[in-house]
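Asker: There's a structure below that I have some questions on.
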Amino acid sequence: ESLTRVVHKRYLHSAAHYHLALYRPAVDNPDQRIVREIELWSTRLSELIVTVCTSLFNVVWYSIQTWIITGWQGPTIIIIYFFVSAVITHLVASPVAALTARVQAAEGDFRAMHSTLLHSSEATAMCSDGSTEDFALDEAFGVLLFVRWRLIARQGLLTLSTTAVQYFGTIVNYIAIGIVLCSGVYHELSPDETASIVSRGSTFALTMVYGLTQLVGAAGAIAELSGHTRRVAALFRGLSHVETATSTWQSQELADEGGDGGKRRRWRTAEGTALLTCRHLSVSLHPAVHAMCDASAAPASLLSGVKLEVHAKSAVLVRGNAGVGKTALLRTICGVWPMGRADSLKELELSQLMCIPPLWDSQERIAGAPVFLVLPQAAPLRPGLHTSLLEQLAYPLLDTKMVTDELARDALAAVGHTDLLRKLGGLHKQHSPQEWSAALSPGQRQLLVCARIFVHTPALVLLDEATSAVPSADEARIYERLRDLGIAFVSIGHRDSLDAHHDQIINLNLLAVSQTQ
């Protein structure tokens, strides 16, 4: 429990779940590692500890008892036999750890493909007969079967090895007793006394053999545990790498409050009345993303010399061709991507990005400072086994106490989506993620997400194609309401209908770094 909670904290801190896929793509299926691998690792480890502790006690105690009856020869012969057996078993078991890790990875890929199909089931049903999906699932299943059969074969060989060790271990017991008897240690005793000693010695030796057999048999459990340990450890290494990498570029942007170099800090009240200030800002690909690309075809720098200043009631539209860097600019403003490196030292010194804090900054929110809200094109719904419409409107905040029923209804009315109340059975009825997916069309989902603006009433809203799936009339209603409330907004979009709702249009094509550089 504690381990899972620790991983959750690190996984969600500073968007590590996002950066992990970029910096450490080798850490496949982190969700499976958290949900399944940690549980398996903990279970196997606890079982192994019990087995090892019990077996060690039996081995130590009954080795002493056997020594008393047979002398040093009996325990020594048995221990030598099991030492050789342990070496052989280790050689047989060594591939099991790697195969276990590969099986878990293949299972994760297979599960992820089913999850992807489930999330896009409606679109898949409309545009495909399922043959391509069937081929892809069979391919992933085939990989899983291939690795699984290799693991089963190796585990079978390991089971055969440990069974043979156990079988011959009973024979070694009698060999050890026989050697002691033949050495003449008990030649002065009567047959009855000798038989009693042999019986007691054999019992002690067999119990000792059983303990050693348990230890040797634990090789399979150790190998499986090692496989799970590899994947859990890889997750922790990946999170550590992400934390180091992100803290490195974030520390470069921290403000030096006592000097002139303090202009690269993100979350500060911008100069004067500005809510967002970008001056001489360079926008680059995320370092991890650029590392995956061909440097000659995809230069790191996307935009250079970006100038943007947003005040209260500002309405700015950002345009540009696909891939020019519109969303990259938004990611940079939100702190998900690092600020780009300027082409010259002078531009670096002048480079500035300052913005009011985001809505989820609890300290700023409690203090009543202005905050901004981001609406991506594919804005997420609030996660949870069951969530209500009120909780969805309050997202990304966890606490819904400040969101009254009246405020929620007014927010839905502002986007023209009050019919959602009737469709979902009111504000407080709980729905599963599957029910949310089935109940909302892409346009309805965007309207629901836009309603969050009027629940939280931030000072600034950043919209990335946030109304691309809604009718023009609903789009106009949303922007008119933003103006009525005096909320500043920066929109990214291609639709011509957006022009009428903005006072300033920025064309990023004019700032794009030449692809021939």
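Quick note: the sequence shown uses full-length UniProt numbering, first residue 1, plus one each step.
In this text, a Cβ means the ideal position worked out from N, Cα and C, and glycines have one as well.
Identify whether E257 lies in helix, strand or coil by the three-state DSSP scheme.
Answerer: Residue placement at E257 is poorly supported in this model, since its pLDDT is 37, which falls under 50; the coordinates still yield a value, given next. Note: E257 maps to coil in three-state DSSP.
Asker: Residue 525: which of S115, S314, V324 and A315 sits nearest, CA to CA?
Answerer: Given that the chain is displayed from residue 1 to residue 517, the structure contains no residue 525 and the question cannot be resolved.
Asker: Would you list, in sequence order, the uninterrupted alpha helix (DSSP H) runs of no fewer than 4 residues that lie entirely inside the segment 411-476?
Answerer: Correct list: 419-423, 433-439 and 442-456.
Asker: Nearest to T162 by CA position, among I179, L117 and A218, is which residue?
Answerer: Among I179, L117 and A218, the Cα nearest to that of T162 is on A218.
Asker: Where do the ends of the alpha helix (DSSP H) carrying R44 lie?
Answerer: From DSSP, the alpha helix (DSSP H) with R44 extends over I38 to T70.
Asker: Take every Cβ of the segment 125-132, pair it with every Cβ of the segment 73-81, and state whether three or more of those distances are shorter than 8 angstroms.
Answerer: The segment 125-132 is not in contact with the segment 73-81.
Asker: Give the single residue among W360, P75, T43 and T246 whose Cα lies nearest to the Cα of V60.
Answerer: The option with the nearest alpha carbon to V60 is P75.
Asker: Can you have a look at T244 and say buried or exposed, based on whether 16 or more other CB atoms are within 10 angstroms of its CB?
Answerer: The residue in question, T244, is exposed, as its Cβ has fewer than 16 Cβ neighbours within 10 Å.
Asker: Less than 8 angstroms between the beta carbons of P458 and V371, yes or no?
Answerer: For P458 and V371, yes; Cβs fall inside 8 angstroms.
Asker: Hey, could you find the ends of the alpha helix (DSSP H) Q504 is sitting in?
Answerer: From DSSP, Q504 is part of no alpha helix (DSSP H) but of the beta strand (DSSP E) over Q504 to N507.
Asker: What are the start and end residues of the alpha helix (DSSP H) that includes H8?
Answerer: Unbroken alpha helix (DSSP H) run through H8: S2 to L12.
Asker: What is the DSSP secondary structure of T76, reduced to helix, strand or coil?
Answerer: In this structure, T76 counts as helix in the three-state DSSP scheme.
Asker: How many Å lie between L398 and E1 at the Cα?
Answerer: If I take the Cα positions, the gap works out to 22 angstroms.
Asker: Thinking C-beta only, is D405 closer than 8 angstroms to L427?
Answerer: Cβ atoms of L427 and D405: closer than 8 angstroms.
Asker: In three-state DSSP terms, what is residue 534?
Answerer: The structure shown does not extend to residue 534, since the chain spans only 1 to 517, so no value can be given for it.
Asker: Can you have a look at E475 and say buried or exposed, based on whether 16 or more other CB atoms are within 10 angstroms of its CB?
Answerer: When all chains shown are included, E475 counts as buried.
Asker: In terms of residues, what are the limits of the beta strand (DSSP E) holding R33?
Answerer: Run containing R33: none; DSSP gives neither H nor E here.
Asker: Quick check on Q352: does DSSP put it in helix, strand or coil?
Answerer: Residue state, collapsed to three classes: strand.
Asker: Assign T132 to one of three DSSP states: helix, strand, or coil.
Answerer: Looking at T132 - three-state DSSP - the assignment turns out to be helix.
Asker: Assuming L508 contacts V318 (C-beta within less than 8 angstroms), just tell me the rounded distance between them.
Answerer: About 6 angstroms separates the two Cβ atoms, so the contact holds.
Asker: Does DSSP classify K307 as helix, strand or coil?
Answerer: Correct three-state label for K307: strand.
Asker: Quickly, what does DSSP pair T387 with across the bridge? List them, please.
Answerer: Answer by DSSP bridge pairing, in chain order: H431.
Asker: Do L99 and R150 have their CB atoms nearer than 8 angstroms?
Answerer: Contact flag set, yes.
Asker: Determine the DSSP secondary structure at D499, reduced to helix, strand or coil.
Answerer: Note: D499 maps to helix in three-state DSSP.
Asker: Please report how far the alpha carbon of T516 lies from the alpha carbon of A469, in whole angstroms.
Answerer: With a pLDDT of 35 at T516, under the threshold of 50, the modelled position of that residue is not reliable, and the figure given next carries that caveat. Using only the alpha carbons, I get a separation of about 35 angstroms.
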